[in-house]
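**Q** Here you go, one structure.
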């Protein structure tokens, strides 16, 4: 087994001890790099520890750069990796720091560095949480049409309510335009309720009350949709066995005998 | 096939390629007309681009007018269409712009123009989202009595709580009248919580705490109602068996005999 | 049939046409009397229409008084009615107005007058909403122990969080005492979020963030409890039929034949 | 039966009349001691009744001390109790008051005294609420992986949204750093919505609107997960059949044969 193959196993897979260790170390460095970006944005910390953060940033960047070069080297089809979702994210994780040498003080590079966060999702595919994630994903995917219809009604409702409130309250009570009134309608309907804009006329407060009660009750709809799909998902995926005698096929995962006729089930499960 | 029949197929139906294209174009223009109304309400945009928005408004109005005239012409029973829900909405979508020629500066015509939004619902009937929408509608309709009882209790609760808070906090802490205190109770119970009015006395804060916890837990009730109905709906429609004798088709998955006439069902399921 | 018996049927029952009419009229007057109390509390309305509201108040009080006297007269056991829940409420609905003749300007009589609201619940027992209400009540009653455990944890959690926040933020950021910090914890945990008190130190904001996410996720628990009970209730009450041949007892309400063996079911259901 | 055994039965168990009485008295004193800590933190009450609160504090502490000594004495393995979770809590409940004699005015001892609250959980194990609590616990434990995946996505989402908002709104609109913007994102996503920080630019309000709708709909996911687990838990425990051969007792309601060993079950169900 060549060094390249060995590195491939360590970097891209997680079956060996070294592979797992690499993943854990990588995850910790990714988290450190994200916390770094956060701390840099805090004025007080940046002023005091700016120098130190700068050094750590370069250490992490060099580590990521080496990792990126190794990934390109060990993988069988480099361009497939480079152009893949994670390949682009891996590159974008190191580029901003190098660019900052050329473009001094470019603030917006920070958001690109924050892209590193997406690297965290890589660990999901390595863990036993994949199954849980996939089940949730399936349930959400199965309910996509109902959720779309639901969102369609919500969007229409907030536009109608927002327009009404703009006419009722008007710019003098903070409802300065229809888009802003729609923003208020969303803030209210979703029960967030900042209070930066709130109705002041009795008519406005009455309409707002109705919107709140509707928003409060309407949350039941997406919940009902997703719950029903998750329950269905649980029930359907629980069963792949069929009784060879009576063909009953609603067995539990731990069933060894048919609960309807007592025949022994195949152990293929 | 006459021009009138062909136009009917394009405008009212969506089976042909032209029909689908017409629906997509119409949908885009409707969305454009809604965004137009929104932008007009933003003072800064209206000042700068008012002239342009005015022209676009007329272009859209003329398109909608032609569409309306065509609809009246091609449909078999014009008056049925004109007096139908969508017929009235289609007319109300163009009227305000023409009226603005006569009644200069009439602000409240804006709300009538916003009615155009309702035209968007027309696309729902053309799409595969109809089934999803109908399932949701059925579930909500089936749970209407329970939801009514729930809302009845909520309304009574906020009236009682509102009256109590008016007496506890009083006008000096912002609870200026019972209706306004009820408004506060709704804001709190639905967990919106603007903060424009909030209790200041210990007694008031204690009562508010109870209201919040009740409101927080009580959301479980409509959710439970709707979820239970959606699950029931999913289970009933999951079956494809039809009785060969009486053609009843609402059998459970484990049914072997028709529950209506006792005939044996096919085992194909 | 004596006048007394006839009046009993009209006032206490709702099977006859007169009985239903009486209930509807009574309901409307109760609603009017509640709106009256609300309007009186609005300073502007009270100043302008105070005289009128005063007259309407006396008309309603006299109507309620006659109704109360009639109820006492027609009922077979007057004292059972007078000392019953609704008997006391009916009396409390008229007393405050008479007392206001003696005790001039007594503000707190308003809350007693608001007790009239409870009379509204009387109509629930007459309507077809009783079944829906009872189903909900059963589901909530069946889940009382789990909900109690849930509330117990929530109360403990807000006390612990409130005490912690009092120590972290302290009186200088609005967390003036532990009870008030607990009030803040409830406002946050239930996602109400007034914003009258909000953490200002980074540590406080971090703890608040955790409390919010916990509060956000924890709402799933009462919802799950109640939903599970409502679903169970729907399933259990749907079935009282037993097949006389194979004793299968999971029939739908509209089943006429056993779906397992095809035997005709009894029509007793 | 020795005094020590008798005391053991009274203090640690709840089967006898004396044992139950002791638990009730203990619970009331624990609650009193918690309320005491709360009241002490209210400036006005502390100033007026400080002397009284101080005396009550010592009475409770001495009672707890005696109780602690008795527990250590009567229990068979004192060190197992002393080092157990409740043993440490019981000790921490009395220590702060004694320490306050030495360390005058130490404010942070208050939080240690608040630890007394945890003693309340002791009563849970004595009551019939244990079963309800265990069922809930099981359901939450069974859904731990899905909830972890859900929280992982939420945390990532608020970090991404927080960073974006920091760049869009910036320090001049209250988004002073990325950690604080993440705090805002959590406040918004969980629909708490204090309003201490809220977006002011149209772009910021648009992004906030999307975050709110996502947060509003996403609550469906944990609810669906927990509901599905609670329903599953209810269904499994609903059965009382036991296999006469292998004594397996987790049969479905419609099982006629043991799914573990194929033995016919009794039809008593």
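Chains as they are written, first to last, in our numbering: chain G, 32 to 300; chain B, 32 to 300; chain F, 32 to 300; chain X, 32 to 300. No residue lacks a Cβ here, since even glycine has one placed at the ideal position from N, Cα and C.
State the Cα-Cα distance for the pair residue 187 (chain F) and residue 125 (chain X), rounded to the nearest angstrom.
**A** Within the third chain, residue 187 (chain F) is the residue found at index 156, counting from 1. Within the fourth chain, residue 125 (chain X) is the residue found at index 94, counting from 1. Computed Cα separation, rounded: 20 Å.
**Q** Could you check what DSSP says for residue 6 (chain X) in three-state terms: helix, strand or coil?
**A** Nothing about residue 6 (chain X) can be read from this structure; chain X reaches only from 32 to 300.
**Q** Note down, in chain order, each residue of its chain lying with its Cβ closer than 8 Å to the Cβ of residue 288 (chain X), except the 5 sequence neighbours on either side.
**A** The residue labelled residue 288 (chain X) in the question sits at position 257 within the fourth chain. Excluding residues within five positions, the ones whose Cβ falls inside 8 Å are 294, 295, 296.
**Q** Going along the stretch 175-195 of chain B in order, which residues come within less than 8 Å of chain F, judged by CB to CB distance?
**A** Listed in sequence order: 176, 177, 179, 180, 181, 183, 187, 190, 191, 194, 195.
**Q** Since residue 47 (chain F) is in the alpha helix (DSSP H), which residue starts that stretch and which ends it?
**A** Looking up residue 47 (chain F) in the third chain gives position 16. Looking at the DSSP string, residue 47 (chain F) is not in any alpha helix (DSSP H), and its letter there is neither H nor E.
**Q** If you run the structure through DSSP and keep just helix, strand and coil, what is residue 80 (chain B)?
**A** As a position in the second chain, residue 80 (chain B) is number 49, starting the count at 1. Residue 80 (chain B): helix per DSSP, three-state reduction.
**Q** Starting from residue 214 (chain X), find everything on chain F with Cβ-Cβ shorter than 7 Å and list it in chain order.
**A** Translated into positions along the fourth chain, residue 214 (chain X) becomes position 183. In chain order: 236, 240.
**Q** Give a yes or no on whether the minimum CB-CB distance between residue 74 (chain X) and chain F is below 8 Å.
**A** Taking the fourth chain and counting its residues from 1, the one referred to as residue 74 (chain X) is at position 43. Yes, its Cβ sits closer than 8 Å to a Cβ of chain F.
**Q** At which residues does the alpha helix (DSSP H) containing residue 212 (chain X) begin and terminate?
**A** Numbered from 1 along the fourth chain, position 181 holds the residue referred to as residue 212 (chain X). Here the alpha helix (DSSP H) through residue 212 (chain X) covers 209-220.
**Q** One question on the structure: do residue 225 (chain B) and residue 224 (chain G) come within less than 8 Å of each other, judged by their Cβ atoms?
**A** For the purposes of this step, residue 225 (chain B) is taken as residue 194 along the second chain, with counting starting at 1. For the purposes of this step, residue 224 (chain G) is taken as residue 193 along the first chain, with counting starting at 1. Against a cut-off of 8 Å, the Cβ pair of residue 224 (chain G) and residue 225 (chain B) comes out as a contact.
**Q** Do we get a CB-CB distance below 8 Å when we pair residue 268 (chain X) with the residues of chain F?
**A** For the purposes of this step, residue 268 (chain X) is taken as the residue at position 237 of the fourth chain. Because residue 268 (chain X) carries a pLDDT of 47, less than 50, the predicted location of this residue cannot be relied on, and no value is offered for it.
**Q** If you count every other CB in all the chains shown that lies within 10 Å of the CB of residue 37 (chain X), and 16 or more means buried, which is it?
**A** Within the fourth chain, the letter at position 6 stands for residue 37 (chain X). It is exposed - the Cβ of residue 37 (chain X) has fewer than 16 other Cβ atoms within 10 Å.
**Q** My understanding is that residue 93 (chain G) touches residue 147 (chain G), with C-beta atoms under 8 Å, so please give their C-beta distance in whole angstroms.
**A** Working through the first chain from its first residue, we reach residue 93 (chain G) at position 62. Working through the first chain from its first residue, we reach residue 147 (chain G) at position 116. Not quite, the Cβ-Cβ distance comes to about 14 Å (not below 8 Å), so this is no contact.
**Q** Can you tell me whether residue 165 (chain B) is buried or exposed, with buried defined as 16 or more other CB within 10 angstroms of its CB?
**A** Start at 1 with the first residue of the second chain, and residue 165 (chain B) comes out as number 134. Exposed is the call here.
**Q** Can you tell me where the alpha helix (DSSP H) holding residue 108 (chain F) begins and where it ends?
**A** As a first step, residue 108 (chain F) must be located in the third chain, where it is residue number 77. Looking at the DSSP string, residue 108 (chain F) is not in any alpha helix (DSSP H), and its letter there is neither H nor E.
**Q** With a CB to CB cut of under 6 Å and the five nearest residues on each side skipped, what residues in its chain are close to residue 228 (chain G)?
**A** Your numbering for residue 228 (chain G) matches position 197 in the first chain. Cβ neighbours of residue 228 (chain G) beyond the five flanking positions: 205, 215.
**Q** Any beta-carbon of chain F closer than 8 Å to the one on residue 254 (chain X)?
**A** Residue mapping note: residue 254 (chain X) aligns to position 223 of the fourth chain, counting from 1. Yes, its Cβ sits closer than 8 Å to a Cβ of chain F.
**Q** Please decide whether residue 226 (chain F) counts as near chain G, where near means a Cβ-Cβ distance under 8 Å.
**A** The sequence position of residue 226 (chain F) within the third chain is 195, counting from 1. It does; some Cβ of chain G falls within 8 Å.
**Q** State the DSSP-derived secondary structure class of residue 268 (chain B), mapped to helix, strand or coil.
**A** The residue you call residue 268 (chain B) lines up with position 237 of the second chain. Reliability fails at residue 268 (chain B), whose pLDDT of 47 lies under 50, so the model's placement of it is uncertain and the value that follows must be treated cautiously. In this structure, residue 268 (chain B) counts as helix in the three-state DSSP scheme.
**Q** For residue 122 (chain B), which residues in the same chain have their Cβ closer than 8 Å to its Cβ, ignoring the five residues on either side in sequence?
**A** Your numbering for residue 122 (chain B) matches position 91 in the second chain. The answer, listed in chain order, is 99, 113.
**Q** Is the beta carbon of residue 145 (chain X) closer than 8 Å to that of residue 232 (chain F)?
**A** Here residue 232 (chain F) refers to the residue found at position 201 when the third chain is read from its first residue. Here residue 145 (chain X) refers to the residue found at position 114 when the fourth chain is read from its first residue. Contact: no.
**Q** So does the stretch 45-52 of chain X actually touch the stretch 177-185 of chain F, counting three or more Cβ pairs closer than 8 Å?
**A** Contact between the stretch 45-52 of chain X and the stretch 177-185 of chain F is absent, because fewer than three Cβ pairs lie under 8 Å.
**Q** Using CA coordinates, which residue listed in F:220, F:256, F:95 is at the minimum distance from residue 191 (chain F)?
**A** Position 160 of the third chain, counted from the start, is the residue given in the question as residue 191 (chain F). Out of F:220, F:256, F:95, F:220 has the C-alpha closest to the C-alpha of residue 191 (chain F).
**Q** Please determine, among G:76, G:260, G:105, G:249, the residue with the shortest C-alpha to C-alpha distance to residue 168 (chain B).
**A** In the second chain, counting from the first residue as 1, residue 168 (chain B) sits at position 137. Comparing Cα positions, the closest option is G:249.
**Q** Is there a C-beta anywhere in chain B that falls below 8 Å from the one on residue 219 (chain X)?
**A** Taking the fourth chain and counting its residues from 1, the one referred to as residue 219 (chain X) is at position 188. Chain B contact via Cβ: absent.
**Q** Taking the alpha carbon of residue 149 (chain X) as the point to measure from, which residue in X:222, X:119, X:75 has its own alpha carbon closest?
**A** Working through the fourth chain from its first residue, we reach residue 149 (chain X) at position 118. Ranking X:222, X:119, X:75 by Cα distance to residue 149 (chain X) puts X:119 first.
**Q** If you pair each beta-carbon of the stretch 243-260 of chain X with each one of the stretch 236-256 of chain F, do three or more pairs fall below 8 Å?
**A** Yes: at least three Cβ pairs fall under 8 Å.
**Q** Output needed for residue 268 (chain G): all residues of its chain with C-beta closer than 8 Å, excluding positions within five of it in sequence on either side, in chain order.
**A** For the purposes of this step, residue 268 (chain G) is taken as residue 237 along the first chain, with counting starting at 1. Confidence at residue 268 (chain G) is low in this model, with a pLDDT of 46, below 50, so its placement is unreliable and no value can be given for it.
**Q** My output table needs one value for residue 288 (chain F): the three-state DSSP class, helix, strand or coil.
**A** Here residue 288 (chain F) refers to the residue found at position 257 of the third chain. Three-state DSSP puts residue 288 (chain F) in a strand.
**Q** Considering just the uninterrupted stretch of the alpha helix (DSSP H) at residue 231 (chain B), what are its terminal residues?
**A** Within the second chain, numbered from 1, the residue matching residue 231 (chain B) stands at position 200. Run containing residue 231 (chain B): none; DSSP gives neither H nor E here.
**Q** Taking Cβ positions only, does residue 257 (chain G) come closer than 8 Å to chain X?
**A** The sequence position of residue 257 (chain G) within the first chain is 226, counting from 1. Output row for residue 257 (chain G): interface = yes.
**Q** Could you spell out the range, first to last residue, of the alpha helix (DSSP H) harbouring residue 201 (chain X)?
**A** Sequence index remark: in the fourth chain, residue 201 (chain X) carries index 170 (1-based). No alpha helix (DSSP H) holds residue 201 (chain X); DSSP gives it neither H nor E.
**Q** By DSSP, does residue 164 (chain B) sit in helix, in strand, or in coil?
**A** Taking the second chain and counting its residues from 1, one reaches residue 164 (chain B) at position 133. The answer is helix: DSSP assigns residue 164 (chain B) an H, G or I state.
**Q** For residue 217 (chain B), tell me which candidate among B:290, B:243, B:143, B:40 has the shortest Cα-Cα distance.
**A** Counted from its first residue, the second chain places residue 217 (chain B) at position 186. The residue with the shortest Cα to Cα distance from residue 217 (chain B) is B:243.
**Q** Kindly indicate the opening and closing residues of the alpha helix (DSSP H) around residue 117 (chain G).
**A** The residue labelled residue 117 (chain G) in the question sits at position 86 within the first chain. Here the alpha helix (DSSP H) through residue 117 (chain G) covers 116-133.
**Q** For chain F, find out if any of its Cβ atoms is closer than 8 Å to the Cβ of residue 173 (chain B); answer yes or no.
**A** As a position in the second chain, residue 173 (chain B) is number 142, starting the count at 1. Chain F contact via Cβ: absent.
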